[in-house]
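S.K.: Protein sequence lines, in the order shown, are assigned to chains Y and A. If you count the first sequence from 1, position 14 lands on 14 in my numbering, and the numbers rise without skipping. If you count the second sequence from 1, position 184 lands on 1184 in my numbering, and the numbers rise without skipping. Think of the CB as a built atom: it goes at the ideal place given N, C-alpha and C, for glycine as much as any other residue. The structure follows.
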Amino acid sequence: MNRVCLMIIMAVTTYLVRMIPFTAFRKKITNPFFKSLIYYLPYAILSAMTFPFIIYSADCIPAAVAGLVIGSFLGLFERSLVEISLATSAVAFIVWFFLK
Amino acid sequence: MEKLTFKTGLKDGVPIALGYLFVSIGFGITAINSGLNPLMAIIISATNVTSAGQVAGVRVLSESVVFLSSALEMFLTQFVINLRYSLMGISLSQKTDSSFDTKNRMICAYSITDEIYAVASTRKSPINVSYFLGLSFLPVIGWTVGTAIGAFVGSSIDPQVSAIFGLAIYGMFLSIFIPPAKKSKGILVSVFLGAIISCLIYYIPSLSFISSGFSVIISSLVGASVAALLLPHKEDEE
C-alpha cells in the first residue's frame, strides 16, 4: 500500500513539474536576452546531459568513447538523427564485442 | 514553410522510440533487481516517461522504511531531477501555435521529455497539437513496451548489451546539437559551456553534492545565459 502511495506521489510530482509552467506561461517573450536564452537552452541542456555521462553509460569506457567519436564525426557531417544514433550504439557494440 | 502534421510527428518520433525501447529495457531490469514486480515497473514508466527520475524513484521505493520520510524524499527527488522539464515547458511554450489551449497543454505536458522537447523545439516552424501528439505517440509506447520487455525477460538479456544499445540515446543528442553548433557561434558557446560546467561539477569532489538533475539545470542555464549575453540570437539568421 505504501509503495502504491509513493508511486502516486512520484507520478503526480513529475506531471505537475511538466504541466504547470507549460500551461501557465503563455505570453510571447520579447526581451532579447530571454529570447536568446530560450533559443540556446535546449542545446546547452543536451550537451550538459551528454558530458561526461556518455562515457560511463555503457559500463565499458572504450566502447562508449568509440561511439562518441563516431557520433560526433557523423554530426559534423550533418548526417541524420537515425544514422547517428544507430551508428553510435553499433560502433560501441562492435568495440565492446572485441574487447570482452 | 514546412507543414507539421500528426504523420510528420510520428516519423520524427521513430528514432526517439527506438532509443527509448533500448534504454527502458535497462530500466525494467533495474526495477526488478530493486524488488519491484513487473506491473509496478510498467506503471511507473507509463506514468512518468522519464529516465533519471524513474531510476531515482525506484531507489526511494526499494529503500522505503518510514512512509512519511520516503514520501518527502520521493517528492524532492522527482521535483529536482525533473525541474528541467519546467524550463523545457516554458521554452516550448514559445514555439507552440494557437492549437495549444489549456486542455491541450494539460494533455501534451505529460510527454515533455528531453528528446521530445529537443526535436519539437528545434523545428523551424511553430508546432501544433497534432504534430506534438504524433511525436509523443511512439516514444511513449516504446518506453512502456521496453520496460515490460526488461521486466519480464530482462534477466536473460545481458545488462551490458542493453546498456551499450542505450548509447543510441546519446547518439541522438549528438545529432541534435552538433550540426547547428557548426553554424551558430551562440549555439557553439552554449554547447561548449554546458559540457564544461557539467564535467566540472562531475569531477570536482567538493561539488559532488550537486545531484545530476541540478547539475543539468546549473550547467545549461549558465552556458545558455553567457551565450545569450555575448552573442544575442538574431531571428533572421536562422
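Out of 1118(A), 1016(A), 1161(A), 1175(A), state which residue places its alpha-carbon closest to the alpha-carbon of residue 101(Y).
M.R.: Since the first residue of chain Y shown is 1 and the last is 100, residue 101(Y) is not available in this structure.
S.K.: Give me whichever residues DSSP pairs with residue 1096(A) in a beta bridge.
M.R.: In the second sequence, residue 1096(A) corresponds to position 96, counting from 1. In DSSP, residue 1096(A) forms a bridge with 1127(A).
S.K.: By a C-beta neighbour count over all protein chains shown, 10 Å radius and 16 as the cutoff for buried, is residue 1074(A) buried or exposed?
M.R.: As a position in the second sequence, residue 1074(A) is number 74, starting the count at 1. The residue in question, residue 1074(A), is buried, as its Cβ has 16 or more Cβ neighbours within 10 Å.
S.K.: Give the straight-line distance between the Cα atoms of residue 22(Y) and residue 1139(A), rounded to the nearest whole angstrom.
M.R.: Position 22 of the first sequence, counting from 1, holds the residue named residue 22(Y). Position 139 of the second sequence, counting from 1, holds the residue named residue 1139(A). If you take the alpha carbons of residue 22(Y) and residue 1139(A), they lie about 20 Å apart.
S.K.: Would the beta-carbon of residue 1023(A) fall within 9 Å of that of residue 1062(A)?
M.R.: The residue given as residue 1023(A) occupies position 23 in the second sequence. The residue given as residue 1062(A) occupies position 62 in the second sequence. Not in contact: residue 1023(A) and residue 1062(A) (Cβ atoms no closer than 9 Å).
S.K.: Please name the residue, chosen from 1231(A), 1026(A), 1234(A), 1174(A), that lies closest to residue 59(Y) on a Cα-to-Cα basis.
M.R.: For the purposes of this step, residue 59(Y) is taken as the residue at position 59 of the first sequence. Residue 1026(A) is the option with its Cα nearest to residue 59(Y).
S.K.: Does residue 3(Y) come out as helix, strand or coil in the three-state DSSP assignment?
M.R.: Here residue 3(Y) corresponds to residue number 3 of the first sequence, with the count starting at 1. Residue 3(Y): helix per DSSP, three-state reduction.
S.K.: Let me make sure I understand the geometry here. Which of 1190(A), 1129(A), 1105(A) has the alpha-carbon closest to that of residue 1225(A)?
M.R.: The sequence position of residue 1225(A) within the second sequence is 225, counting from 1. With distances taken between Cα atoms, residue 1225(A) lies closest to 1190(A).
S.K.: Out of 1087(A), 1067(A), 1113(A), 1035(A), point me to the one whose CA is closest to residue 1214(A)'s CA.
M.R.: To locate residue 1214(A), count along the second sequence from 1; it is residue 214. Cα-wise, what sits closest to residue 1214(A) is 1087(A).
S.K.: How is residue 78(Y) classed by DSSP in three states: helix, strand or coil?
M.R.: Your numbering for residue 78(Y) matches position 78 in the first sequence. Three-state DSSP puts residue 78(Y) in coil, outside helix and strand.
S.K.: Along the segment 52-63 of chain Y, what residues have a CB closer than 9 Å to any CB found in chain A?
M.R.: So the list reads 52, 53, 54, 57, 58, 59, 60, 63, given in the order they occur along the chain.
S.K.: When Cβ atoms are compared, which residues of the segment 1152-1180 of chain A fall closer than 9 Å to chain Y?
M.R.: Under the 9 Å Cβ criterion, the segment 1152-1180 of chain A contributes 1159, 1160, 1161, 1163, 1164, 1165, 1166, 1167, 1168, 1169, 1170, 1171, 1172, 1173, 1174, 1175, 1176, 1177, 1178, 1179, 1180.
S.K.: Using a beta-carbon distance cut-off of less than 8 Å, what residues from the segment 1101-1118 of chain A approach chain Y?
M.R.: Residues passing the 8 Å Cβ filter: 1102, 1105, 1106, 1108, 1109, 1110, 1112, 1114, 1117, 1118.
S.K.: Does residue 99(Y) come within less than 9 Å of chain A when only Cβ atoms are used?
M.R.: Stepping through the first sequence from its first residue, residue 99(Y) is reached at position 99. No, because no Cβ of chain A sits closer than 9 Å to the Cβ of residue 99(Y).
S.K.: Would you say residue 20(Y) faces chain A, with C-beta separation under 9 Å as the test?
M.R.: In the first sequence, residue 20(Y) corresponds to position 20, counting from 1. Yes, residue 20(Y) lies at the interface with chain A (some Cβ there is under 9 Å from its Cβ).
S.K.: As a quick exercise: from 1159(A), 1084(A), 1071(A), 1020(A), pick the residue whose alpha carbon is nearest that of residue 7(Y).
M.R.: Position 7 of the first sequence, counted from the start, is the residue given in the question as residue 7(Y). Residue 1071(A) is the option with its Cα nearest to residue 7(Y).
S.K.: Does the Cβ of residue 1206(A) have 16 or more other Cβ atoms within 10 Å, making it buried, or fewer, making it exposed?
M.R.: The residue you call residue 1206(A) lines up with position 206 of the second sequence. Counting Cβ neighbours within 10 Å, residue 1206(A) comes out exposed, since fewer than 16 surround it.
S.K.: For residue 1231(A), tell me which candidate among 75(Y), 99(Y), 93(Y), 35(Y) has the shortest Cα-Cα distance.
M.R.: Your numbering for residue 1231(A) matches position 231 in the second sequence. Out of 75(Y), 99(Y), 93(Y), 35(Y), 35(Y) has the C-alpha closest to the C-alpha of residue 1231(A).
S.K.: Can you give me the start and stop residues for the alpha helix (DSSP H) that residue 1186(A) sits inside?
M.R.: Here residue 1186(A) refers to the residue found at position 186 of the second sequence. Start and end: 1185-1203.
S.K.: Is the beta carbon of residue 1078(A) closer than 9 Å to that of residue 101(Y)?
M.R.: Nothing in the structure corresponds to residue 101(Y), since chain Y is present only between 1 and 100.
S.K.: Is DSSP giving residue 1112(A) helix, strand or coil here?
M.R.: Along the second sequence, read from residue 1 onward, the residue named residue 1112(A) stands at position 112. Looking at residue 1112(A) - three-state DSSP - the assignment turns out to be coil, as it is neither helix nor strand.
S.K.: Using 8 Å for Cβ pairs, my map puts residue 1169(A) next to residue 1180(A). What's the rounded Cβ distance?
M.R.: For this step, residue 1169(A) is matched to residue 169 along the second sequence. For this step, residue 1180(A) is matched to residue 180 along the second sequence. That pair is no contact at about 19 Å.
S.K.: Please state the DSSP three-state secondary structure of residue 1247(A).
M.R.: Absent from the structure is residue 1247(A), since the part of chain A shown begins at 1001 and ends at 1238.
S.K.: With 16 as the cutoff for other CB atoms within 10 Å, does residue 30(Y) come out buried or exposed?
M.R.: For the purposes of this step, residue 30(Y) is taken as residue 30 along the first sequence, with counting starting at 1. Answer is exposed; the Cβ neighbour count stays below 16.
S.K.: Can you name the residues of chain Y whose CB is closer than 8 Å to the CB of residue 1197(A)?
M.R.: In the second sequence, residue 1197(A) corresponds to position 197, counting from 1. Residues of chain Y passing the Cβ test: 48.
S.K.: Does residue 1018(A) have its Cβ less than 9 Å from a Cβ in chain Y?
M.R.: One-based indexing of the second sequence puts residue 1018(A) at position 18. Chain Y, which has a Cβ nearer than 9 Å to the Cβ of residue 1018(A), makes this yes.
S.K.: Using 8 Å for Cβ pairs, my map puts residue 1134(A) next to residue 1009(A). What's the rounded Cβ distance?
M.R.: Locating residue 1134(A) in the second sequence gives position 134, where the first residue counts as 1. Locating residue 1009(A) in the second sequence gives position 9, where the first residue counts as 1. About 2 Å; that satisfies the 8 Å criterion.
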